[in-house]
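Peer 1:
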Amino acid sequence: MTTAQARQDLDVQPTPLALLLLGRDADTRSERGVECPGDLPSPSDPDLVERARAAKEKLGEKVFILGHHYQRDEVIQFADVTGDSFKLAKDAAARPEAEYIVFCGVHFMAESADILTADDQKVVLPDLAAGCSMADMATAEQVAECWDVLTEAGIAERVVPVSYMNSSADIKAFTGEHGGTICTSSNAERALNWAFEQGDKVLFLPDQHLGRNTAVRDLGMSLEDCVLYNPHKPNGGLTAEELRNAKMILWRGHCSVHGRFSLDSVNEVRERVPGVNVLVHPECKHEVVSAADHVGSTEYIIKMLEEAPAGSKWAIGTELNLVRRLANRFAADDKEIVFLDRTVCFCSTMNRIDLPHLVWTLESLAEGKDINRIQVEKQTAEFAQLALERMLALP
Numbered sequence: 111m112t113t114a115q116a117r118q119d120l121d122v123q124p125t126p127l128a129l130l131l132l133g134r135d136a137d138t139r140s141e142r143g144v145e146c147p148g149d150l151p152s153p154s155d156p157d158l159v160e161r162a163r164a165a166k167e168k169l170g171e172k173v174f175i176l177g178h179h180y181q182r183d184e185v186i187q188f189a190d191v192t193g194d195s196f197k198l199a200k201d202a203a204a205r206p207e208a209e210y211i212v213f214c215g216v217h218f219m220a221e222s223a224d225i226l227t228a229d230d231q232k233v234v235l236p237d238l239a240a241g242c243s244m245a246d247m248a249t250a251e252q253v254a255e256c257w258d259v260l261t262e263a264g265i266a267e268r269v270v271p272v273s274y275m276n277s278s279a280d281i282k283a284f285t286g287e288h289g290g291t292i293c294t295s296s297n298a299e300r301a302l303n304w305a306f307e308q309g310d311k312v313l314f315l316p317d318q319h320l321g322r323n324t325a326v327r328d329l330g331m332s333l334e335d336c337v338l339y340n341p342h343k344p345n346g347g348l349t350a351e352e353l354r355n356a357k358m359i360l361w362r363g364h365c366s367v368h369g370r371f372s373l374d375s376v377n378e379v380r381e382r383v384p385g386v387n388v389l390v391h392p393e394c395k396h397e398v399v400s401a402a403d404h405v406g407s408t409e410y411i412i413k414m415l416e417e418a419p420a421g422s423k424w425a426i427g428t429e430l431n432l433v434r435r436l437a438n439r440f441a442a443d444d445k446e447i448v449f450l451d452r453t454v455c456f457c458s459t460m461n462r463i464d465l466p467h468l469v470w471t472l473e474s475l476a477e478g479k480d481i482n483r484i485q486v487e488k489q490t491a492e493f494a495q496l497a498l499e500r501m502l503a504l505p
C-alpha cells in the first residue's frame, strides 16, 4: 500500500450512526446545554481565520488557548499549546499572567483547569455543549448510591476509589473525599498499585475498559477478579457476595469513540494492510487491546509514531482528527498511517468547538464580555484537588 493509498483510507465517510459527527446535533440527555448565548458567525464566513487572528492579537497575553489532541485542525492552528487533558490543565496553571484560559476541549477538562488555576483566572469553554459522554456516565448521585451499596455489603472501608481524569469535578471530589486518587491513561498502573496498598479493592470510575485493561494486562489479574457495576440496576446488578469476592469493581462507563473499535476492526486491517502494527488506546475494549501490537495513551501513540522507522505501517485506534493529523505529519517520512476502523470515529462533542465558536469566544473576550466561564464550587474543587495531588505524589 502506498502512502497516498494510506491517506485515502483516512477519508472515512459518515455512516447513519454518526449523527453527532460534526457537532451539528445535540444529545440533551447527557450534555450541559446546547445553545450559544450569542450569535455565531457563519461557518462559511471567509474571514473567520483573520477574525480569530485579529481577536487573539488584540487580547495579547491576556488569553492562553489550549487545544486538545482530538480537536479540529481549524481550531488547533490557534492553540498556544496542545496536549492531553491533564497536560493542558497543568500548562494553564503555569500561565498565571493569562486572565482568560480558553480551553478547546470538553467540559471536564475545563473543570480541571479551573481547579488548578488561580482564582482570578477565568476558564472559558467556547461551547458549553462540548461535554463528554464517558464523564456523564457517572453522576454524583449514582456514585453516592454505589457507595451505600458497598457499605451495605460490608466492604466500603476496604475499597479505594480510583477515578480516571475523564470524569466530572463532582466525581473527582468524591474520590478525594473517600481517600482515593485520580489517574490518567499513562499512570493508571501506578495509581492501581498505590490503591491496593491502601485497601484490597478498587472502585474504578468511570471507564470500565481502562480499569479492566490495566488490572488484567498490567497487574496480572484475571477477568474473574473484575465485576461490572451498572448504576441503572438495583445494587449495580451485583450480589453482595460478588462484590466481596471482587478485586476490581468497574463502573459501567466507556468512551463512545474508543468503544467503537472491535476485534473485527483489528482482523480486517491486518488483512487490508499486510505487516501493519496495530496501536490502540487503553480505553478500547479488552479484546481489542489483547489483539493489538501496542497499547498506550495519546502521548504514547504520538511518541511511538515519532520514533517509528520510515516505511513502517500503522493502524491507529483512537480519535480520527488526531489520526489524520499524524498521517499528514509523517507522510513525508514514508510512514503509512491508517485508521483502525472504516467507520467514523470523531469525538462528536469535542467537534462542537469549531472555528465559529472560537471566533465568537475570542471576539467576545476582546470586547470585555465574560462568557461561558467554567467555575467549580469551592468545596468540590478542594476535594477534587486533594485527589489530583495524590496522583501527582504517586511513586
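This note's numbering puts the first residue of the sequence shown at 111, with every later residue one more than the last.
Just so you know, even glycine gets a beta-carbon here, dropped at the ideal spot from N, CA and C.
Within the same chain, show all residues whose beta-carbon is closer than 6 Å to that of Ser-407, passing over the 5 residues directly before and after it, in chain order.
Peer 2: Locating residue 407 in the sequence shown gives position 297, counting from the first residue. Contacts found: Ser-295 and Ser-296.
Peer 1: The beta strand (DSSP E) that contains Glu-256, what's its start and end?
Peer 2: Position 146 of the sequence shown, counting from 1, holds the residue named residue 256. It is Cys, not Glu, that sits at residue 256 in the sequence shown. Not the beta strand (DSSP E): Cys-256 falls in the alpha helix (DSSP H), residues 250-262.
Peer 1: Alpha carbon to alpha carbon, how far is Ala-497 from Met-275? Give it in angstroms, no decimals.
Peer 2: Locating residue 275 in the sequence shown gives position 165, counting from the first residue. Locating residue 497 in the sequence shown gives position 387, counting from the first residue. Rounded to whole angstroms, Met-275 to Ala-497 spans 10 Å at the Cα level.
Peer 1: Using DSSP bridges, identify the partner residues of Phe-213.
Peer 2: Here residue 213 is taken as the residue at index 103 of the sequence shown, counted from 1. Its beta-bridge partners are Leu-176.
Peer 1: List the residues that DSSP assigns as beta-bridge partners of Met-508.
Peer 2: With the chain represented from 111 up to 505, any question about residue 508 goes unanswered, as that position is not in the structure.
Peer 1: Counting only the same chain and skipping the five closest in sequence on each side, list residues whose C-beta sits under 6 Å from that of Leu-436.
Peer 2: Here residue 436 refers to the residue found at position 326 when the sequence shown is read from its first residue. The residues are Leu-415 and Ile-447.
Peer 1: Would His-364 and Leu-150 qualify as a contact pair, given that the criterion is a beta-carbon distance under 8 Å?
Peer 2: The sequence position of residue 364 within the sequence shown is 254, counting from 1. The sequence position of residue 150 within the sequence shown is 40, counting from 1. In this structure, Leu-150 does not lie closer than 8 Å to His-364 by Cβ.
Peer 1: Here's the rule I'm using: 16 or more other beta-carbon atoms within 10 Å means buried, otherwise exposed. How should Glu-342 be labelled?
Peer 2: Counting from one through the sequence shown, the residue named residue 342 turns up at place 232. Before going on, a small fix: residue 342 reads as His here, not Glu. Exposed, because fewer than 16 other Cβ atoms sit within 10 Å of the Cβ of His-342.
Peer 1: Just how far apart, CA to CA, sit Asp-463 and Asp-237?
Peer 2: As a working note, residue 463 is residue 353 in the sequence shown. As a working note, residue 237 is residue 127 in the sequence shown. Here the sequence assigns Ile to residue 463, which means Asp is not the residue at that position. Rounded to the nearest angstrom, the two C-alpha atoms are 6 Å apart.
Peer 1: Taking the C-alpha atoms as reference points, what is the distance between Cys-293 and Ser-152?
Peer 2: What you label residue 293 is simply residue 183 of the sequence shown in a count that begins at 1. What you label residue 152 is simply residue 42 of the sequence shown in a count that begins at 1. If you take the alpha carbons of Cys-293 and Ser-152, they lie about 39 Å apart.
Peer 1: Over the uninterrupted alpha helix (DSSP H) stretch that includes Val-234, give me the two end residues.
Peer 2: Start at 1 with the first residue of the sequence shown, and residue 234 comes out as number 124. Careful: Val-234 lies outside any alpha helix (DSSP H), inside the beta strand (DSSP E) at 232-234.
Peer 1: Where do the ends of the alpha helix (DSSP H) carrying Thr-490 lie?
Peer 2: Stepping through the sequence shown from its first residue, residue 490 is reached at position 380. Segment 488-502, the alpha helix (DSSP H) holding Thr-490.
Peer 1: Just the Cα atoms here: how many angstroms apart are Gly-143 and Cys-214?
Peer 2: To locate residue 143, count along the sequence shown from 1; it is residue 33. To locate residue 214, count along the sequence shown from 1; it is residue 104. Annotation note: pLDDT 39 at Gly-143 (below 50); position unreliable, coordinate value reported separately. Each residue's alpha carbon lies about 17 Å from the other.
Peer 1: Who does His-404 pair with in a DSSP beta bridge?
Peer 2: Translated into the one-based positions of the sequence shown, residue 404 becomes position 294. In the DSSP output, where bridge partners are listed per residue, His-404 has Leu-389.
Peer 1: Quick check on DSSP: helix, strand or coil for Pro-206?
Peer 2: On the sequence shown, position 96 is the one that residue 206 refers to. Coil at Pro-206, not helix or strand.
Peer 1: When DSSP labels each residue in this structure, what does Arg-483 get in the three-state scheme?
Peer 2: As a first step, residue 483 must be located in the sequence shown, where it is residue number 373. The answer is strand: DSSP assigns Arg-483 an E or B state.
Peer 1: For Pro-156, count neighbouring Cβ atoms within 10 angstroms of its own Cβ and tell me buried if that reaches 16, exposed if not.
Peer 2: Position 46 of the sequence shown, counting from 1, holds the residue named residue 156. Classification of Pro-156: exposed, given that the 10 Å Cβ count is below 16.
Peer 1: Taking just the CA atoms, how far does Gln-187 sit from Asp-328?
Peer 2: Here the question's residue 328 lines up with position 218 in the sequence shown. Here the question's residue 187 lines up with position 77 in the sequence shown. In a straight line, the C-alpha of Asp-328 is about 37 Å away from that of Gln-187.
Peer 1: What does the Cβ neighbour count give for Asn-431, buried or exposed, with the cut at 16 atoms within 10 Å?
Peer 2: Position 321 of the sequence shown, counted from the start, is the residue given in the question as residue 431. It counts as buried.
Peer 1: Among the candidates Val-398, Thr-453 and Tyr-339, whose CA atom is the shortest distance from the CA of Gln-252?
Peer 2: Along the sequence shown, one-based indexing puts residue 252 at 142. The option with the nearest alpha carbon to Gln-252 is Tyr-339.
Peer 1: For the candidate residues Val-399, Leu-465 and Trp-470, whose alpha-carbon lies nearest to that of Leu-450?
Peer 2: Indexing the sequence shown from 1 puts residue 450 at position 340. Of the listed residues, the one whose Cα sits closest to Leu-450 is Val-399.
Peer 1: How about Ala-476 and Ala-165: do their beta carbons lie closer than 8 Å?
Peer 2: Within the sequence shown, numbered from 1, the residue matching residue 476 stands at position 366. Within the sequence shown, numbered from 1, the residue matching residue 165 stands at position 55. It is a contact, given that the beta carbons lie within the stated cut-off.
Peer 1: Going by other Cβ atoms of all chains shown within 10 Å of its Cβ, with 16 needed for buried, is His-194 buried or exposed?
Peer 2: As a working note, residue 194 is residue 84 in the sequence shown. In the sequence as displayed, the identity of residue 194 is Asp instead of His. Buried is the call here.
Peer 1: Check for me: the beta strand (DSSP E) holding Pro-271 runs from which residue to which?
Peer 2: Taking the first residue of the sequence shown as 1, we reach residue 271 at position 161. Here the beta strand (DSSP E) through Pro-271 covers 269-274.
Peer 1: Would you mind sorting Asp-246 into buried or exposed? The rule is 16 or more other CB atoms within 10 Å of its CB.
Peer 2: Taking the sequence shown and counting its residues from 1, one reaches residue 246 at position 136. Under this definition Asp-246 is a buried residue.
Peer 1: Three or more beta-carbon pairs under 8 Å between the segment 196-213 and the segment 159-175, yes or no?
Peer 2: Taking 8 Å as the limit for Cβ pairs, the verdict is that the segment 159-175 does touch the segment 196-213.
Peer 1: Taking 7 Å as the limit between beta carbons, can you name the residues of its chain near Cys-394, skipping five residues before and five after?
Peer 2: Here the question's residue 394 lines up with position 284 in the sequence shown. Result list for Cys-394: His-319, His-368, Phe-371 and Gly-427, in chain order.
Peer 1: Work out the CA separation of Val-383 and His-396 for me, nearest whole Å.
Peer 2: To locate residue 396, count along the sequence shown from 1; it is residue 286. To locate residue 383, count along the sequence shown from 1; it is residue 273. Distance between the alpha carbons of His-396 and Val-383: 22 Å.
Peer 1: By Cβ distance below 7 Å, which residues in the same chain neighbour Gly-309 in space, the five residues on each side in sequence not counted?
Peer 2: Mapped onto the sequence shown, residue 309 falls at position 199. Taken in chain order, the residues that qualify are Arg-268, Val-269 and Val-270.
Peer 1: How about Gln-181 and Met-358: do their beta carbons lie closer than 8 Å?
Peer 2: Numbered from its first residue, the sequence shown carries residue 181 at position 71. Numbered from its first residue, the sequence shown carries residue 358 at position 248. No.
Peer 1: DSSP three-state label for Val-448, please.
Peer 2: As a working mapping, residue 448 is identified with position 338 in the sequence shown. It is a strand residue.
Peer 1: In this structure, how does DSSP classify Ala-425 when only helix, strand and coil are distinguished?
Peer 2: Along the sequence shown, one-based indexing puts residue 425 at 315. Reduced to three states, the DSSP call for Ala-425 is strand.
Peer 1: Short of 6 Å in beta carbon distance, which residues of its chain neighbour Ala-305, apart from the five on each side in sequence? Order them along the chain.
Peer 2: The sequence position of residue 305 within the sequence shown is 195, counting from 1. Once the five neighbours on either side are set aside, the close Cβ partners of Ala-305 are Val-270, Val-272 and Val-312.
Peer 1: Note the first and the last residue of the continuous beta strand (DSSP E) segment covering Val-367.
Peer 2: As a working mapping, residue 367 is identified with position 257 in the sequence shown. Element bounds for Val-367: n/a, residue is neither H nor E.
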